[in-house]
Structure formats: C-alpha cells, structure tokens
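Everything in the sequence shown is counted per our numbering, starting at 1 for the first residue and increasing by one.
All residues carry an ideal CB built from backbone N, CA and C; glycine is no exception.
The structure appears right after this line, and notes come after that.
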Amino acid sequence: MNIRIPGIAFVFVLLGCVSHILHAQQFRNPGVFSLQQDGLLYEWIPSEHVSVEVRDGRVRIIAPETKSSWNGKSTCKRFLFGDIYDNRLPEQEEKALFSEGLALPPGNYGFRIVYAAANDYGHLTANLWNLMGMGSGTADDNSAMMETLYLSVTSAGSGEPGISVPADLLRASWLPHYQLLPYDLRLPPGKGFGITRYITGIPKEELFRKVTHIQYVYSWLDNMSQGRKWKNLRAYDNTGKPAQPDWVIANTAVDKDFITIAELAENYGNLEGDCPRCYEKAEETFKGLYARYQRELGVKSPAETRLYDDYFGALYGYSVEMNLYAPAAHLRRGLSSVDFARNRYANGAWELSAYFSKGAYQYRNYRLAGYLGNMFNTLVESGLYKNLFNLEKVNLAIPDRRLLKNGWQTAEAVGVDRVTAAGTFQRLKLNGGDVLLLGPNSWPLHTMLGESFFQLLLGNDYILWNSNIPMSTDPAHFDQSWYGGQDDWKTKWQPNGKAAVTYNPNDPTHPKKGKGPEGSIFPEAPLQGETGAFIGAWLYSRISTASDRVSRSVRYCNFSVNGKSYTPSKGSKGDGSLSSRIGRNPGQDWIVTAYEQKAPVCICTEGAGGKAVIYQNPHAGLTGKQVLKTENGLQAEITGNRLHVFYVD
1 MNIRIPGIAF
11 VFVLLGCVSH
21 ILHAQQFRNP
31 GVFSLQQDGL
41 LYEWIPSEHV
51 SVEVRDGRVR
61 IIAPETKSSW
71 NGKSTCKRFL
81 FGDIYDNRLP
91 EQEEKALFSE
101 GLALPPGNYG
111 FRIVYAAAND
121 YGHLTANLWN
131 LMGMGSGTAD
141 DNSAMMETLY
151 LSVTSAGSGE
161 PGISVPADLL
171 RASWLPHYQL
181 LPYDLRLPPG
191 KGFGITRYIT
201 GIPKEELFRK
211 VTHIQYVYSW
221 LDNMSQGRKW
231 KNLRAYDNTG
241 KPAQPDWVIA
251 NTAVDKDFIT
261 IAELAENYGN
271 LEGDCPRCYE
281 KAEETFKGLY
291 ARYQRELGVK
301 SPAETRLYDD
311 YFGALYGYSV
321 EMNLYAPAAH
331 LRRGLSSVDF
341 ARNRYANGAW
351 ELSAYFSKGA
361 YQYRNYRLAG
371 YLGNMFNTLV
381 ESGLYKNLFN
391 LEKVNLAIPD
401 RRLLKNGWQT
411 AEAVGVDRVT
421 AAGTFQRLKL
431 NGGDVLLLGP
441 NSWPLHTMLG
451 ESFFQLLLGN
461 DYILWNSNIP
471 MSTDPAHFDQ
481 SWYGGQDDWK
491 TKWQPNGKAA
501 VTYNPNDPTH
511 PKKGKGPEGS
521 IFPEAPLQGE
531 TGAFIGAWLY
541 SRISTASDRV
551 SRSVRYCNFS
561 VNGKSYTPSK
571 GSKGDGSLSS
581 RIGRNPGQDW
591 IVTAYEQKAP
601 VCICTEGAGG
611 KAVIYQNPHA
621 GLTGKQVLKT
631 ENGLQAEITG
641 NRLHVFYVD
C-alpha cells in the first residue's frame with residue numbers, strides 16, 4: 001500500500017476511527033495530518049515545504065534538497081537533525097528517510113531540516129558563524145529558512161522495554177495534550193513541576209493533579225495556596241508603572257513553597273540603561289525577600305525557601321556552569337573538587353563564581369540555565385552530556401541549596417542564529433485547507449523530556465515559562481502570527497489544491513478566526529516540548545513516588561552494550577556515584593569520558609522500593625538495536641536513542 005499525503009493538499013481524517021488502537025481515554029487531536037495503516041496511526045505537523053509518505057510501514061520525508069539563500073546568492077543544501085538536542089542521525093537512516101522510507105518504531109519524532117551553503121556536516125558545524133551568524137554579514141548569503149516535522153506512530157500496545165510511556169502521551173499534537181489525558185503527576189516532597197499555560201475547560205483541580213505549580217499570572221489563582229504558584233518578578237507595580245526593589249520586596253508573596261525567579265535586571269536595564277547596576281538591583285531584591293522570610297517565617301537557610309534568582313545571573317558571573325566545548329582537562333577539573341566546582345573558567349582563568357564571592361549563597365538558592373539557546377549551542381555540544389555535567393558540577397558546588405531549572409520549549413536566536421531567528425511556517429490543518437503560521441523553532445518532545453527528567457532526578461524544581469494566553473482545543477480559534485511582531489505576511493491561507501496567499505480575516509473565502517473561552521486561542525505553534533517535559537516528570541515519578549528506587553544511590557555503573565564493556569571512573573567515594581541531592585563525589589568525571597567517547601549514559605539507582613536503571617544512547621539513531629547488560633542484573637534489548645527507565649527486581 002502506498003499513500004502519499006503532500007501536506008499541502010489533502011488528509012485522511014481518521015481520528016474518530018482509532019478506538020481499537022488507543023486507550024479509551026483518547027482525545028480528539030485537532031489540526032494535525034493523519035492516516036491509519038496496518039494497525040498503526042500516523043499523525044504529523046509539517047512545515048510549509050514538507051510532506052510525508054507512508055508505504056508498507058515506512059515513513060518518507062519529502063522536502064526540498066536545496067533552497068536559495070535569503071538573498072538568492074547561494075544554493076543551500078539540506079541537512080537533517082534529530083530530536084535529541086539536534087543530534088545527527090546515522091547516514092543510512094537519513095538516506096532512507098529521504099528515499100525509500102524508514103520503518104519507525106511506535107513513538108514520537110521531531111526533525112529539523114537546516115539549509116546552508118555548506119559542503120557537508122563538518123563544514124556546517126565548523127563554519128556556523130559565516131553560514132548562519134547574525135552580524136556576520138554573510139548569513140543571508142549562506143542560509144535559508146528551516147523546515148520541520150513533528151510526527152508520531154501510535155500502536156495499540158507498547159513495544160518499548162522498561163517503564164512504558166502511555167501511547168497517547170506520545171502523539172504529535174499542537175496542544176500540550178497531557179492536560180487532557182487521565183495521567184496525574186505525584187512527585188516526592190520537595191520536588192516541583194510548574195507550568196504557565198493551560199487549556200480552558202479543564203477543572204482547575206484537575207490541572208493541579210498534573211502539576212505542582214502554575215505561574216501566578218491569572219486572577220483565578222488569587223485564592224489558591226501561595227505554595228502552588230510560581231512567579232517571575234518584574235520591575236513594575238500592579239498598575240504597570242516602573243517599581244524599585246523596595247516595592248517588589250514588599251509586594252511579593254512570602255511562602256516556603258512559592259517559587260520565585262525574576263527578570264528584574266532586564267527590566268531595569270531597559271528602563272534605566274544603567275548596567276551592571278541593573279543586576280545589582282535584582283540581587284538586592286532577593287536579599288530583601290530573604291530578610292522577609294527570616295522575619296515572617298523564621299527560616300534559617302535559603303534551602304527552606306524556593307527563592308531562586310534573576311535569569312541574567314550568568315551574564316554577571318553568578319553561574320558555576322560550563323560549556324562542553326571547553327578543553328576536556330578543564331571539564332575534569334571542574335568536577336575534581338568542591339573548590340573547582342564553585343569556580344567558573346572564564347577569560348583564560350578560573351575564578352570563584354559571584355554566587356559565592358558576592359554572597360548570594362547566603363540568601364537564595366540556585367537556578368540552572370534552562371533556555372536551550374539555538375543551533376550555535378546544540379550543533380557544537382551534545383546536550384545530554386552537557387546537562388548531566390552541569391547538574392553534577394552544581395550539586396558538587398552547592399549541595400545545601402535548592403536547584404531549579406527554568407525551561408522554555410522555544411529556541412532563542414539571542415542575536416546570534418539567523419536561521420533560528422527566522423522561525424518556520426507550520427501547517428495547521430483545517431477543513432478545506434491549511435493555515436500557515438510563522439512561529440518559533442521549538443524544541444521537540446524528547447529534548448524537553450530529558451531536560452525535566454534529569455532536573456528532577458538530580459535537582460529540585462523544573463518550571464516552564466510561556467505566554468499567559470489560555471489555550472483552546474478548537475483550531476477555529478487560531479490567531480494570526482505575532483512571532484517577532486504582528487505582520488500580515490506571517491500568516492497564510494492555502495486552500496486544498498491551490499497556492500498559498502496572505503491570510504485576510506475580512507475575505508469571506510478565508511477561514512474565520514475567533515477567541516475561545518477566557519479569551520483563549522488555539523496554540524500559535526506546536527507545543528510538543530511541553531508534553532515532553534510532563535513525560536519526563538511522569539517518568540521520574542515512576543522511580544520516586546510510585547516506587548522509590550532513587551533515594552539511596554544514583555551512580556554510573558559498569559555495563560555493556562552489544563558486548564562492549566564500559567567501566568565508569570570512580571570518585572572520592574570509591575564508586576561512580578553522581579554528585580546529586582544524595583551526596584557529593586568529587587573526582588568522579590565519567591560524563592566527560594562518555595562525551596569524548598560518544599558512550600551511552602547508564603545510571604544504576606536504588607531506593608527503599610528496589611533498583612532501577614536509566615539508559616540513553618544519543619548516538620544509536622532511531623532504529624539501532626542494543627543489548628544492554630548492567631552490573632545490577634538488568635538485561636534488556638533496546639531500539640533507538642530514547643531515554644529508557646527500567647525496574648530491576
């Protein structure tokens with residue numbers, strides 16, 4: 001059977017006919033392309049110039065091999081990246097995806113197709129600045145708009161070994177559809193998972209069964225416990241007028257479980273143009289807030305609070321984290337002792353982080369970098385290893401303060417990445433045609449899954465920033481794109497079988513748009529990443545709250561994959577324990593070796609309920625077969641590069 005759906009012409013609407021495939025508690029998945037074939041449900045969200053063909057269980061991606069650069073001076077070649085921090089796929093898988101198709105196991109997939117005037121992948125990554133750098137003067141000559149594809153393959157049961165993620169959570173969707181599904185989240189005391197944006201029509205008590213915190217940007221939260229909220233402090237009062245630190249200190253909630261972060265430095269910098277004084281005001285605010293906690297709640301340590309920091313902290317030297325493109329010797333030194341863990345390598349020398357040298361350790365906790373940046377980060381570092389390295393380094397440096405990661409599913413150009421800044425036109429499927437919305441290049445499900453899972457395993461809190469516009473499940477409530485500012489050209493309408501034109505809300509032949517309940521809109525971009533973050537938290541709950549397998553030990557253990565053995569280095573404790581919330585292990589630097597050798601990550605854990613194994617091989621591709629054996633007794637057969645969690649009984 002050969003079915004081709006161009007993504008610009010027509011779609012088989014089968015969502016009402018798959019009850020035999022999915023759980024009874026399925027949801028209607030609006031706005032996606034879909035087909036059912038041989039007992040499998042395929043769903044996808046393509047960008048403007050991408051279409052999908054499914055033939056005999058194989059998925060083929062149809063996308064231009066080349067594009068003209070932004071200004072037409074060059075021909076840009078196609079480069080495919082996967083959904084683990086923009087990982088490379090094996091050459092044979094990439095070739096199959098663009099030719100005869102690849103048989104993908106059931107699950108969720110994300111693909112980015114980058115266009116650049118590069119000879120090959122090595123040339124691309126070695127010349128990012130000239131090819132894509134904003135301010136290089138040559139990016140418009142050498143790059144073009146990215147294309148993307150979010151796709152899922154859903155079957156009746158799970159073929160995954162280990163703890164199975166419910167199949168309906170992995171469906172490709174515009175919505176953060178975990179909010180609509182019957183899977184609640186129970187985390188251990190002291191762990192938090194917070195969100196900003198919610199789907200209307202869901203009883204609020206049901207929302208709070210899926211998260212611990214919601215950002216305090218909605219009036220309906222006024223009467224909720226302060227301990228179920230989080231807040232991003234801004235330099236404005238409740239009328240929108242600029243406010244100084246004393247006002248912010250006096251008018252911020254004080255509760256041990258109220259999560260507090262800030263964008264004060266950015267606000268004061270924009271308002272007053274006086275930096276680094278702008279950042280000093282942010283620290284003054286947190287210091288003043290902690291004094292209130294001491295007076296009003298009697299706290300003895302910042303660890304009794306969820307006071308974190310301003311997200312410009314790293315720019316002013318308050319971070320202890322490192323980039324993995326630093327020399328390996330420096331990376332190992334950063335994990336060698338508490339003293340080096342508390343230092344930053346900057347400007348050719350080690351210097352004590354301002355978190356310690358300027359006293360922030362005395363009045364607040366620590367926030368790890370959670371915004372993942374852009375391809376200038378991901379294409380030159382491997383995000384899985386970087387994430388674990390910095391979680392270990394921060395735990396080694398700061399064992400007695402809480403650790404938060406403030407994430408966002410959107411990639412940010414930060415004035416560097418021309419391709420990320422440009423965004424991508426995503427196809428929203430409606431009756432009679434597609435709306436094309438220019439939107440951000442968002443992080444896919446599996447990248448965000450790993451971010452939240454490891455943050456909760458090795459840290460304390462993970463929260464997601466987003467717009468505060470509530471979401472509707474009805475695509476008729478779409479809005480025109482406002483990505484980078486409102487411009488008519490950023491929204492198109494393409495009737496089936498016809499060319500795309502600029503969307504005109506006053507044209508009776510174009511679909512009408514409108515607001516839903518509570519002023520809600522259908523998401524302006526696919527929110528795969530938010531669902532991925534929930535899945536990561538849910539997976540962590542399976543080895544913590546559901547069955548404690550992490551409270552006693554979290555360590556890199558001896559293991560073999562397809563007969564090749566790995567023996568992690570030992571730290572001062574005499575084993576491969578990660579520096580974590582459980583304890584510190586200076587000198588244990590296996591993650592650096594694993595990064596250098598492109599080795600899998602294998603972590604053995606233990607708690608009151610038994611043992612578990614956490615395994616991921618980001619280099620295995622989508623179909624690579626692996627036979628895993630671990631020293632704590634696990635033997636498993638694994639396919640692909642996804643994060644796997646196993647009970648070992």
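For residue i, the first and last residue of its enclosing beta strand (DSSP E)
i              : result
tyrosine 472   : The displayed chain sequence assigns serine, not tyrosine, to residue 472. Per DSSP, serine 472 belongs to no beta strand (DSSP E) and is neither H nor E.
glutamate 43   : 40-46
glycine 571    : Careful: glycine 571 lies outside any beta strand (DSSP E) and carries neither H nor E.
isoleucine 249 : Run containing isoleucine 249: none in the beta strand (DSSP E); it sits in the alpha helix (DSSP H), 245-250.
arginine 88    : No beta strand (DSSP E) holds arginine 88; DSSP gives it neither H nor E.
threonine 424  : 424-430
leucine 35     : 33-37
leucine 307    : 307-310
Start and end residues, alpha helix (DSSP H) containing residue i
i                 : result
threonine 447     : 445-458
aspartate 141     : 139-142
glycine 439       : First-last for glycine 439: 433-439, but that is the beta strand (DSSP E), not the alpha helix (DSSP H).
phenylalanine 376 : 375-378
leucine 297       : 277-297
glycine 110       : Taken as a continuous stretch (DSSP letters only), glycine 110 belongs to no alpha helix (DSSP H), being part of the beta strand (DSSP E) at 107-116.
histidine 123     : 121-126
arginine 234      : Note, arginine 234: premise wrong, no alpha helix (DSSP H); not H, not E.
glutamine 92      : 91-97
lysine 386        : 383-397
Residue i and residue j closer than 8 angstroms at C-beta
i                 : j              : result
valine 554        : serine 520     : no
leucine 271       : serine 155     : no
tyrosine 385      : isoleucine 591 : yes
leucine 187       : alanine 537    : yes
phenylalanine 425 : leucine 437    : yes
alanine 144       : serine 51      : no
threonine 473     : leucine 175    : yes
threonine 200     : glutamate 518  : yes
arginine 292      : arginine 402   : no
leucine 104       : valine 59      : yes
glycine 334       : alanine 341    : yes
methionine 322    : tyrosine 345   : yes
glycine 671       : tyrosine 483   : Because residue 671 is not part of the residues shown, which for the chain are 1 to 649, the question remains open.
valine 648        : lysine 598     : no
arginine 367      : isoleucine 261 : yes
phenylalanine 193 : leucine 185    : yes
histidine 446     : isoleucine 84  : yes
tyrosine 462      : lysine 405     : yes
Top-ranked residue by Cα proximity to residue i, from the options
i                 : options                           : result
tryptophan 44     : Asp38, Asp56 and Pro30            : Pro30
asparagine 441    : Tyr462, Trp465, Asp310 and Leu149 : Leu149
alanine 282       : Gly269, Ala156 and Glu392         : Gly269
serine 74         : Ala116, Ile398 and Asp56          : Ala116
valine 32         : Ile62, Trp70 and His177           : His177
phenylalanine 389 : Thr424, Trp408, Ser336 and Phe356 : Ser336
glutamine 439     : Gly624, Gln480, Ala360 and Phe258 : Per the sequence presented here, residue 439 reads as glycine, with glutamine not at that position. Of the candidates Gly624, Gln480, Ala360 and Phe258, the one whose C-alpha sits nearest the C-alpha of glycine 439 is Gln480.
alanine 314       : Gln616, Asn343, Gly334 and Tyr218 : Asn343
arginine 197      : Asp274, His510 and Pro470         : Pro470
glycine 383       : Gly101, Ala96, Gly450 and Ile163  : Gly450
serine 467        : Pro523, Lys512 and Thr473         : Pro523
isoleucine 535    : Asn496, Gly122, Gln179 and Leu430 : Gln179
aspartate 141     : Arg418, Leu185, Lys570 and Ser551 : Arg418
glycine 532       : Asp237, Lys405, Trp443 and Lys393 : Trp443
threonine 630     : Tyr109, Pro600 and Leu622         : Pro600
lysine 498        : Arg542, Val435 and Phe478         : Val435
lysine 515        : Ala476, Gln294 and Leu233         : Ala476
Kindly confirm or deny that the region 288-298 and the region 242-249 touch, where touching means at least three C-beta pairs closer than 8 angstroms.
yes
Is it a yes or a no for the region 453-460 touching the region 207-218, going by three-plus beta-carbon pairs under 8 angstroms?
no
In chain order, each beta strand (DSSP E) run of at least 3 residues that lies wholly inside the region 484-546
Runs of the beta strand (DSSP E) inside the region 484-546: 491-495.
If you scan the region 331-366 from start to end, which runs of the alpha helix (DSSP H) of 4 or more residues do you find wholly inside it?
338-341 and 354-357
Which runs of the alpha helix (DSSP H) spanning at least 4 residues fall entirely within the region 588-639, listed in chain order?
Segments of the alpha helix (DSSP H) lying fully in the region 588-639: 590-597.
Is the region 294-310 close to the region 498-506, with three or more CB pairs under 8 angstroms?
no
Considering only residues of the region 128-197, which uninterrupted beta strand (DSSP E) runs meet the minimum length of 3 residues and lie entirely inside it, listed in chain order?
143-154 and 192-195
Is it true that the region 558-567 meets the region 623-638, where meeting means three or more beta-carbon pairs spaced less than 8 angstroms apart?
In short, these stretches touch, since the Cβ pair count reaches three.
Do the region 87-97 and the region 126-138 make contact, defined as three or more Cβ pairs closer than 8 angstroms?
no
Does the region 504-518 come within contact of the region 48-67, defined as at least 3 CB pairs closer than 8 angstroms?
no
Does the region 246-263 come close enough to the region 213-230 to have 3 or more Cβ pairs within less than 8 angstroms?
yes
Using 8 angstroms as the Cβ pair cut-off and three pairs as the minimum, do the region 488-499 and the region 570-590 touch?
no
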